[in-house]
Each structure stands twice: as structure tokens, then as C-alpha cells.
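Numbering (the numbering used here), first residue to last: 142 to 416.
And the structure:
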């Protein structure tokens with residue numbers, strides 16, 4: 142056999158082996174690598190699994206408990222949304238699309254409030270009230286805003302009158318100031334309230350608590366200041382109250398409250414909040 146024939150046969154045999162390697166061996170190697178990677182991942186999972194305590198293992202009871210918890214959480218979210226939606230509705234209750242009808246009812250309500258304040262505090266009919274009526278009531282689209290501010294004013298005035306011996310010095314609602322201005326990107330709308338009053342010292346904490354416990358007006362207190370009027374420290378200058386009222390001549394202090402009233406926008410629940 143000549144050298145040329147020998148090398149030709151050898152080359153052909155090498156080509157055959159290469160073809161067989163590509164067709165038979167390489168697929169098996171790829172399959173082997175795939176199985177090896179899968180086994181490595183399973184080994185890692187088993188190691189993490191072995192570190193878990195019994196109560197964390199995904200048993201049937203645990204899965205059922207998680208399902209019950211998620212269902213309960215959904216119900217709590219629904220109740221919370223319903224609660225805050227109800228607060229918003231009650232804050233707006235009384236507003237209507239009839240501006241003239243609403244305005245007439247509002248003015249009657251304000252007159253009754255002013256009459257009660259003068260009667261309870263002894264303020265003369267010709268003396269100026271420490272709180273004012275809303276005078277710009279021309280925009281029918283703002284009736285809800287007018288109603289909210291009236292509810293806040295009525296609440297604070299009546300609350301002050303319910304605390305015997307108290308007197309409002311100044312109540313200002315939604316006075317526009319540069320410091321209190323907000324834009325639409327800063328979150329839900331709110332409006333400022335400033336209250337200055339004289340109140341028996343032992344009633345301050347209870348008065349603040351009564352404000353914060355309102356069922357649908359959401360107050361947030363930004364500033365509280367209490368000071369003693371020098372004149373009221375003299376025991377011959379005190380509010381005259383009956384013994385059963387519990388004050389027993391407690392001297393008044395001056396109370397300043399600066400608050401924000403949130404107008405109660407309820408944000409739509411997100412999927413992340415619901416798990």
C-alpha cells in the first residue's frame with residue numbers, strides 16, 4: 142500500500158471520528174452540563190431548606206394558615222377603606238348643588254352658634270365675635286369646602302363652650318398665608334386652623350383629647366403653646382364657676398393651637414398593600 146493511500150485512509154478515519162464525536166458525544170455533554178447545573182441548584186435549595194426551622198416548612202397546615210391570613214388581611218383592608226370613605230362622606234354631609242339653599246341654611250346655623258356663644262360667655266350683642274362667618278360663598282363648586290370649614294368652626298366653638306370657664310379669643314379657619322400654601326404635588330389637601338383661647342389649666346389636656354377624638358374631622362396639631370396670664374394668677378381674678386363643675390376656681394391659662402385639617406382624600410389601595 143502506497144503512502145498516499147495510507148494517509149488518505151487515515152484522514153478519512155479521522156473525519157469519521159470527528160463526525161461521530163459531533164453527532165453522538167457533544168449532545169450528551171450538553172445534556173450532562175444541563176443535568177449538572179440542575180443538580181447544583183437542587184443542592185443549594187436543599188441546603189437552604191435544611192436550615193429552616195420546623196414552623197417555616199411549607200406544610201399543608203402552614204399553607205392553609207397563610208391563605209386564611211391573606212383572606213383576613215383583605216377583609217381588614219376593605220374595612221379600613223370603608224371606614225375612611227365613611228369619614229369623608231360624613232365630613233361632606235350637608236353640602237348640596239343648591240348654593241342659595243345651602244347658604245341660607247349655613248347662615249341660620251351660624252346665627253344660632255353666635256347666639257349660643259354670646260349667651261354662654263356673656264358677650265354683649267354689639268361686641269365683635271372672636272370667630273367670623275364665611276363671606277365669600279359665590280362658587281357653587283366649592284360648597285363641599287364651605288361645608289367642611291363650617292363643620293370645623295361649629296365643632297371647635299361648641300367644644301369650647303362645653304368646657305365651662307373657657308373663652309375663645311380668636312378662631313381663624315383657612316386664612317391664606319404664604320407659609321401655609323401648598324401645591325397639588327404635596328399630597329392630600331388640607332387647610333389651617335388657628336385657635337387662641339383662655340381655658341382653665343386643668344382642662345387643657347382633656348380639651349386637646351376631645352379635639353383629636355372627633356369621629357370624622359382629621360386634625361393634626363402642629364403647635365401647642367400654653368402660658369399663664371399674670372392677672373389670672375391672682376386668686377381674686379378667676380372665673381366664677383359652680384363647685385359641681387369641678388374647676389373650683391382654677392385660674393385660666395392662655396392656649397394657642399395651630400392645626401391642619403385634612404380633607405380626607407382616600408387613596409386607592411395598591412396591589413402591593415394587598416400582598
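Ideal Cβ positions, reconstructed from N, Cα and C, are used throughout, including at glycine.
Given a threshold of 16 other Cβ atoms within 10 Å of its Cβ, counted over all protein chains shown, does residue i qualify as buried or as exposed?
{"i": "residue 306", "result": "buried"}
{"i": "residue 257", "result": "exposed"}
{"i": "residue 299", "result": "exposed"}
{"i": "residue 248", "result": "exposed"}
{"i": "residue 291", "result": "buried"}
{"i": "residue 356", "result": "exposed"}
{"i": "residue 387", "result": "Because the pLDDT at residue 387 is just 48, under 50, the model does not fix this residue reliably, and the point stays unresolved."}
{"i": "residue 210", "result": "exposed"}
{"i": "residue 220", "result": "exposed"}
{"i": "residue 327", "result": "Because residue 327 carries a pLDDT of 48, less than 50, the predicted location of this residue cannot be relied on, and no value is offered for it."}
{"i": "residue 353", "result": "exposed"}
{"i": "residue 301", "result": "buried"}
{"i": "residue 176", "result": "exposed"}
{"i": "residue 188", "result": "exposed"}
{"i": "residue 153", "result": "exposed"}
{"i": "residue 322", "result": "Residue confidence for residue 322 is low, a pLDDT of 41 falling below 50, so the modelled location carries little weight and cannot support an answer."}
Whose C-beta lies closer than 7 Å to the C-beta of residue i among residues of the same chain, with five residues either side of it excluded?
{"i": "residue 254", "result": "295, 298"}
{"i": "residue 180", "result": "none"}
{"i": "residue 251", "result": "274"}
{"i": "residue 360", "result": "352, 353, 400, 402"}
Taking C-alpha atoms, which residue in the options lies nearest to residue i?
{"i": "residue 245", "options": "369, 274, 363, 339", "result": "274"}
{"i": "residue 365", "options": "354, 350, 178, 251", "result": "350"}
{"i": "residue 281", "options": "334, 183, 243, 207", "result": "243"}
{"i": "residue 367", "options": "341, 344, 394, 358", "result": "394"}
{"i": "residue 392", "options": "346, 402, 340", "result": "340"}
{"i": "residue 269", "options": "205, 278, 259, 402", "result": "259"}
{"i": "residue 402", "options": "293, 287, 182", "result": "293"}
{"i": "residue 363", "options": "399, 216, 203", "result": "399"}
{"i": "residue 347", "options": "304, 272, 174, 315", "result": "304"}
{"i": "residue 287", "options": "265, 239, 264", "result": "239"}
{"i": "residue 342", "options": "358, 332, 207, 369", "result": "369"}
{"i": "residue 279", "options": "214, 213, 206, 241", "result": "241"}
{"i": "residue 358", "options": "272, 332, 213", "result": "332"}
To which residues of the same chain is residue i closer than 6 Å at the C-beta, ignoring the five residues directly before and after it?
{"i": "residue 337", "result": "310, 311, 397"}
{"i": "residue 262", "result": "308"}
{"i": "residue 335", "result": "313, 399"}
Give me the DSSP bridge partner(s) of residue i.
{"i": "residue 341", "result": "393"}
{"i": "residue 207", "result": "Answer is none; residue 207 lacks a bridge partner."}
{"i": "residue 369", "result": "394"}
{"i": "residue 403", "result": "331, 359"}
{"i": "residue 312", "result": "336"}
{"i": "residue 364", "result": "399"}
**Message:** Which runs of the alpha helix (DSSP H) at least 4 residues long sit entirely within the stretch 230–278? Give them in chain order.
**Reply:** 240–262
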